[in-house]
Amino acid sequence: MASHVASAMAVTRPGPKRKLCCWSELPLDIMRLIFKRLGFADFERAKSVCSSWQTGSGQSKPNNKIPWMIIFPEEKNYCLLFNPEDTEGKLYKTQHLGDDFAKSSCLATCRSWLLMEYCHENPLYILNLLTRERINLLPTTSDQRLDSPILWIDDKTKEYLVIGETLVYFKKGDKSWKQIPEQLSGIRDMVFKDCKLYCLTNDELQIFDFSGEFPLQVSKVSVGGGCVKLAKIGGRMRLPRIPWHVQAVRRRKNVVVTVRGDVLIVKSESPFMSETWNFKIFKMDSSKGLEEIVSLGDEAIILDLGITVLAKDQEGVTSNSIYFTGDQINLDDTEIFVFNLDTKKVEKLPQLVSSSLSFSTVRWFLPSFMNV
Numbered sequence: 001m002a003s004h005v006a007s008a009m010a011v012t013r014p015g016p017k018r019k020l021c022c023w024s025e026l027p028l029d030i031m032r033l034i035f036k037r038l039g040f041a042d043f044e045r046a047k048s049v050c051s052s053w054q055t056g057s058g059q060s061k062p063n064n065k066i067p068w069m070i071i072f073p074e075e076k077n078y079c080l081l082f083n084p085e086d087t088e089g090k091l092y093k094t095q096h097l098g099d100d101f102a103k104s105s106c107l108a109t110c111r112s113w114l115l116m117e118y119c120h121e122n123p124l125y126i127l128n129l130l131t132r133e134r135i136n137l138l139p140t141t142s143d144q145r146l147d148s149p150i151l152w153i154d155d156k157t158k159e160y161l162v163i164g165e166t167l168v169y170f171k172k173g174d175k176s177w178k179q180i181p182e183q184l185s186g187i188r189d190m191v192f193k194d195c196k197l198y199c200l201t202n203d204e205l206q207i208f209d210f211s212g213e214f215p216l217q218v219s220k221v222s223v224g225g226g227c228v229k230l231a232k233i234g235g236r237m238r239l240p241r242i243p244w245h246v247q248a249v250r251r252r253k254n255v256v257v258t259v260r261g262d263v264l265i266v267k268s269e270s271p272f273m274s275e276t277w278n279f280k281i282f283k284m285d286s287s288k289g290l291e292e293i294v295s296l297g298d299e300a301i302i303l304d305l306g307i308t309v310l311a312k313d314q315e316g317v318t319s320n321s322i323y324f325t326g327d328q329i330n331l332d333d334t335e336i337f338v339f340n341l342d343t344k345k346v347e348k349l350p351q352l353v354s355s356s357l358s359f360s361t362v363r364w365f366l367p368s369f370m371n372v
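Each step along the sequence shown adds one to the number in the UniProt record's numbering, with nothing skipped, and position 234 is 234.
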C-alpha cells in the first residue's frame with residue numbers, strides 16, 4: 001500500500017511548470033478592485049491577511065451601503081458603533097470625542113457627522129465622530145427652536161446647512177440664523193436630499209429648493225386621509241383595561257425619499273401604552289396624488305433618516321422592511337424595531353435586545369469612511 005502511495009506521489013504532470021503566485025504578491029491595482037467591493041467587516045478582515053494587504057488597504061475605503069447605529073452611553077465621552085452586517089455583533093468604540101461630549105445630546109446625523117447640543121444651553125456644534133473634526137455654530141434665539149432639526153454637510157468642501165422645525169436655517173458663512181418666509185404650522189417631519197427640503201405637515205407636503213442663495217418653495221401637495229390597521233409585536237399587547245373603541249390611538253406621518261428619488265409618505269398608528277402598530281406607505285404621483293403601495297421591492301426604509309437603502313444581497317438589512325427607533329412610534333428611543341411588510345410583523349432588533357449596556361439614545365447614520 002505504501003509503495004502505491006509513493007508511486008502516486010512521484011507522478012508529475014507533463015508540460016512547463018507554472019509559477020505559483022502568493023496572495024501577498026498581488027498587484028496594487030487588483031488589491032484596490034478587491035477592497036472597493038468589501039463592506040466594513042470584510043474590509044477589516046482583508047487588511048489582516050498580510051502586511052502587503054494592510055499597506056494596499058491604505059489607498060482604499062470600505063464600500064459601505066447600509067446604515068449603522070450609534071449608541072450613546074450615558075455620560076460618556078465616546079459612543080459605540082454597531083454594524084448590522086457584522087454577523088458577530090461587535091460594537092466598535094470611537095475615540096475620545098471631547099470633554100463636553102458626555103453632556104451633549106445628538107439632534108441629527110448626516111453620514112458620519114453629528115449635530116450636537118451641549119447641556120440644552122444652546123451651544124451647538126457639528127462633530128465628525130470618525131475624525132473628531134468640529135464646527136462650532138452660532139446659538140439660536142428663544143423663538144428659533146431646533147426640534148428634530150435637519151443636518152446636511154459636504155464631506156469635501158465642508159459646506160453645511162442646519163434647518164429647524166420652525167424653518168430657521170443656518171449655513172456656512174452666515175452671520176446669523178435666517179427664517180424661511182413661508183409660515184407652516186404643525187410640522188410633522190422633514191427630510192433633506194439633493195438640495196431640496198421636504199417638509200410634511202398634517203395636511204400637506206411642501207418642498208423648498210436650497211440650491212440658490214435663498215430657499216424657494218417649488219411644490220405643495222395635499223397628503224390628508226389614509227387610516228391604517230394595527231399589528232402587534234411578538235403576539236403581545238400591553239393595552240390599558242378600557243374598551244377598544246375609546247382607547248387613545250397615536251398617529252404619525254413621516255416623509256421618505258427613496259434611492260430613486262421617489263417621495264413616500266409613511267403613515268403609522270399606535271394605541272396608547274401598547275406595542276401594537278402598523279404602517280401604510282403612499283407614493284407621491286404628480287398626476288394621481290397619493291397612491292398606496294404594498295411593497296418596497298429590494299429596498300428598506302430607514303425611517304429615522306427619511307431614506308431608503310438597497311437591501312438586496314446586503315447582510316444585516318432585510319428588504320421590504322421599515323427600520324425605526326422607538327420614539328418614531330411613541331416608545332423608548334433606546335429601542336430599535338423592524339417592521340416586515342411581507343409578514344406584517346414587528347420585532348426588536350435582536351442584537352441590541354441582549355445588550356446590558358446602559359445608554360441614553362440610539363441613532364442611525366450612514367458612515368462616510370475616509371481612506372484608511
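The C-beta atom is built at its ideal place from N, Cα and C for all residues, glycine as well.
Remember, it's a predicted structure, so these values are computed and weren't measured experimentally.
Item: Look at the alpha carbon of F101 and the alpha carbon of R145, and state the distance between them as a whole number of angstroms.; Value: 21 Å
Item: Taking only the alpha-carbon atoms, compute the straight-line gap between F365 and L114 and give it to the nearest angstrom.; Value: 9 Å
Item: Measuring only the C-alpha atoms, how far is R236 from S321?; Value: Note that R236 has pLDDT 39, beneath the 50 cutoff, so the model's placement of it is unreliable and the number below is only indicative. Going from the Cα of R236 to the Cα of S321 covers about 20 Å.
Item: Could you name each continuous beta strand (DSSP E) segment of 3 residues or more that falls completely within the stretch 270-298, going from the start of the chain to the end?; Value: 276-285 and 289-293
Item: For K47, name the three-state secondary structure that DSSP assigns.; Value: helix
Item: What's the C-alpha gap between S185 and F208?; Value: 16 Å
Item: If we ignore side chains and look at the alpha-carbon of each, how far apart do K65 and T55 end up?; Value: 24 Å
Item: Buried or exposed: where does T141 fall if 16 or more other Cβ atoms within 10 Å of its Cβ makes it buried?; Value: exposed
Item: Which stretch, first to last residue, makes up the beta strand (DSSP E) that contains I30?; Value: Careful: I30 lies outside any beta strand (DSSP E), inside the alpha helix (DSSP H) at L28 to F35.
Item: Relative to the C-alpha of E269, which residue among Q183, K253 and L138 is closest?; Value: K253
Item: Could you pull out every residue in the same chain whose Cβ sits closer than 6 Å to the Cβ of S24, ignoring the five residues on either side in sequence?; Value: C50 and S52
Item: Spell out the partners DSSP gives L161 in its beta bridges.; Value: W152 and K171
Item: Leaving aside the five residues before and after A46 along the sequence, list all residues of the same chain whose C-beta is less than 8 Å from its C-beta, in chain order.; Value: I34, F35, L38, W53 and S57
Item: Just the Cα atoms here: how many angstroms apart are K156 and P271?; Value: 45 Å
Item: What would DSSP say about E347, mapped onto helix, strand or coil?; Value: strand
Item: Do V266 and V256 have their CB atoms nearer than 8 Å?; Value: yes
Item: Is A300 helix, strand or coil by DSSP?; Value: strand
Item: Can the beta-carbon of D99 be found less than 8 Å from the beta-carbon of N77?; Value: yes
Item: Should V362 be labelled buried (16 or more other beta-carbon atoms within 10 Å of its own) or exposed?; Value: buried
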